[in-house]
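Structure first, then comments.
Number of protein chains: 2
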Amino acid sequence: MEQVCAGIDIGGTNTVIGLVSESGKICCSETISTRAYQQATDFAAAISETVKKLLRNSNTSLTAVGIGAPNGNVHTGAIEFAPNLPWKGKIPLADWIKTSLNVPTILTNDANAAAVGEKLVGAAKNLTDFILVTLGTGVGSGFVVNGDLVYGADGMAGELGHVIIERHGRVCGCGRAGCLETYTSATGVVRTVHEVLEAFTEPSLLRTLAQTREIKSSDVTEAAAQGDLMALDILDDTAEKLGFALANAVAITSPSHIFLFGGLAKAGDLLLQPLRGYFESFLLPIYQNKITLALSALPDDAAVLGAGALAWRLHQTR
Amino acid sequence: MEQVCAGIDIGGTNTVIGLVSESGKICCSETISTRAYQQATDFAAAISETVKKLLRNSNTSLTAVGIGAPNGNVHTGAIEFAPNLPWKGKIPLADWIKTSLNVPTILTNDANAAAVGEKLVGAAKNLTDFILVTLGTGVGSGFVVNGDLVYGADGMAGELGHVIIERHGRVCGCGRAGCLETYTSATGVVRTVHEVLEAFTEPSLLRTLAQTREIKSSDVTEAAAQGDLMALDILDDTAEKLGFALANAVAITSPSHIFLFGGLAKAGDLLLQPLRGYFESFLLPIYQNKITLALSALPDDAAVLGAGALAWRLHQTR
């Protein structure tokens, strides 16, 4: 029976559960809704049940589990005070899954898992110093330095989404104000849409759409692709704020590459082109024209692959 | 004849040259003025001459040279575009010293050298994740992650002094505006003094002093120690800006400790006490009350020791 590891990517909206071979292929996967479980214990049970079902259907045997989650602490195996998840406080998810599936389990920040995926099968192969930024429900990041993930002293490093970029700026789920993710996450961009619709009277595809249903960040990208000026302005403003935060982060770890991943990264050049301009303009001169700013070369399931790879590494080092 | 390495700490004002034993003791040292040499080649020649003189006087033999310098690039061995040094462009100092003294030579950022010193003989023994911040003519930083210095892809990581904390803030020597070091370096604090003296009319020890001679950052510390309200306000404002920048840096590397080193750190509790308050208030809640913010436990020659230690390590890995 083939040995596999489970790779689990917990997002603010959906959770993807996959089985990953030692060679780094996803054998099969299934998506469940993160928001459908009021109790974290029910969510953990749903994950375990899904893993068991995938194992049965693929006739494989489980070696270890890797989990990427917002505010995931690699040292404690807990999700700690995640503002974008329905459960508050510390959720000892790795312990629960380990008990229920009876295999070694590692849990880390979802962006760290995606960074490992990028290094294994994406655009970061052979890179020793890079940043992967996830632009999803929140903004996450995985920092790789000297070839290794930066976990930090407490296992919680890489919270670029909670770097304050505007003093007294937008209120954030973390309890503070002005965090990057209040502007450049998918939900942050939707907040910008509402502010702009309120503040100006210009016609826009977004205004028309907002009269019929709730706006999503993908609406901004689609309207911008059709040349909608308001949508282009919103992406430009988002790029300016992200460029500022990334330029400041470069002054700390000086990466060769920065990769964008997640929902908003699907805006592609519509975001990347203004972002490159702002990023360079904010960079300390010694870093200018050195750093590659690109979209992740990974499919959506990169974080599943990365989490699976972390599980395999956990198994190999035991 | 005892083998030694030379450890050289290049500051914006003075350069300290010492001979360091393999066990990490400084045998002897001498200070030269960094600003006395209009040509970088003359400065390099003065360093080599001083090393030779120290070797002769101590009857020791040279194994390798380690240099800590502002904007020092460990990969190229050059000082690159240092705003606080008299020579512009790229200065290939390691090559020059290597040729002149005929031993392996390593050059890095001065704060990195101090961080190595802190780890060897200071308060960072056994720590794997910490930041050392130098508050001198400029603001420098050495980030240690997973037990190793963060050099970055280009060898120029750790420029915390050039993180922008105020959009459209004070003009910086780097050509941009609002960098941390324009506020919290020794020279930044003196700029604050002049702004405050200009903007307000209150009497202050600083105002009296400014009528007789140029103000130095140590005057602020001394006036604050005597209870001078204006000086205390200036230290409070400096602490606020430094606390903000440090809290944002924590969200990236999540250190267990942050050490302050250099001229302004001599303000001790007068700076540290307000700093701790601001720092905690700006931290993401998951990091609050976890991080030790302390003065460096090193003597002034820590960077010489650190640079010497880097030279020894260079020798050992060859």
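Protein chains in written order, with our numbering: chain A, 1 to 318; chain B, 1001 to 1318.
Ideal placement from N, C-alpha and C gives every residue a C-beta, glycine not left out.
Cross-chain neighbours of N248 (chain A) in chain B, by beta carbon under 7 Å: V1163 and I1164
Range covered by the beta strand (DSSP E) that runs through I286 (chain A): Premise fails: I286 (chain A) is in no beta strand (DSSP E) and is neither H nor E.
Contact set between M1156 (chain B) and chain A, taken where Cβ atoms lie within less than 8 Å: S254, I286 and Y287
Cut-off 6 Å between Cβ atoms - residues of its own chain near G147 (chain A), not counting five sequence neighbours on either side: T128
Backbone secondary structure at G268 (chain A) - three-state DSSP: coil
Inter-residue spacing [alpha-carbon to alpha-carbon] between I164 (chain A) and E280 (chain A): 20 Å
7 Å Cβ cutoff, C172 (chain A) in contact with chain B: no
Within-7 Å CB hit, V145 (chain A) to chain B: yes
Within the region 166-246 of chain A, ranges of the alpha helix (DSSP H) (whole runs, at least 4 residues): 181-184, 186-199, 205-210 and 217-225
At least 3 beta-carbon pairs within less than 8 Å: the region 1195-1211 of chain B vs the region 1111-1124 of chain B: no
CB-CB length for G306 (chain A) against A113 (chain A), believed under 8 Å: 4 Å
Bridge partner(s) assigned by DSSP for C1028 (chain B): B:L1019
Reduced DSSP category for N57 (chain A) - H, G, I as helix; E, B as strand; rest coil: helix
Minimum Cβ-Cβ distance from F1279 (chain B) to chain A less than 7 Å: no
Opening and closing residue of the beta strand (DSSP E) in which T292 (chain A) lies: T292 to L295
Within-7 Å CB hit, D148 (chain A) to chain B: yes
Cross-chain neighbours of K290 (chain A) in chain B, by beta carbon under 7 Å: D1154
Paired residues, beta bridge with F261 (chain A) - DSSP: A:T134
Limits of the beta strand (DSSP E) - the one that L1107 (chain B) falls within: T1105 to N1109
Exposure label - L1284 (chain B); buried when at least 16 CB within 10 Å: buried
Under 7 Å between C-beta atoms of T184 (chain A) and T137 (chain A): no
Burial state of K125 (chain A) (16 or more Cβ within 10 Å): exposed
Nearest-angstrom Cα separation, counted from W1087 (chain B) out to N1102 (chain B): 24 Å
Short CB-CB distance (under 7 Å) between E1080 (chain B) and chain A: yes
Whether P1255 (chain B) touches F1130 (chain B) by CB criterion (7 Å): yes
Alpha-carbon to alpha-carbon, G1175 (chain B) and L1232 (chain B): 30 Å
Cross-chain neighbours of G12 (chain A) in chain B, by beta carbon under 9 Å: Simply none; closest approach about 17 Å.
Short-range partners of chain B found in the region 102-116 of chain A, where Cβ spacing is below 7 Å: none
Cut-off 7 Å between Cβ atoms - residues of its own chain near D1095 (chain B), not counting five sequence neighbours on either side: G1077
Secondary structure of N1248 (chain B), DSSP reduced to three states: helix
Residues in the region 1251-1275 of chain B having any Cβ partner in chain A nearer than 7 Å: A1251, I1252, T1253, S1254, P1255 and S1256
S141 (chain A) and S100 (chain A) closer than 7 Å at C-beta: no
Any chain A beta carbon closer than 7 Å to G1142 (chain B): no
CB contact flag (L1180 (chain B), V1139 (chain B), <7 Å): yes
Environment of N1109 (chain B) [buried if 16+ CB atoms lie within 10 Å]: buried
Contacting positions in the region 54-69 of chain A - beta carbon closer than 7 Å to chain B: none
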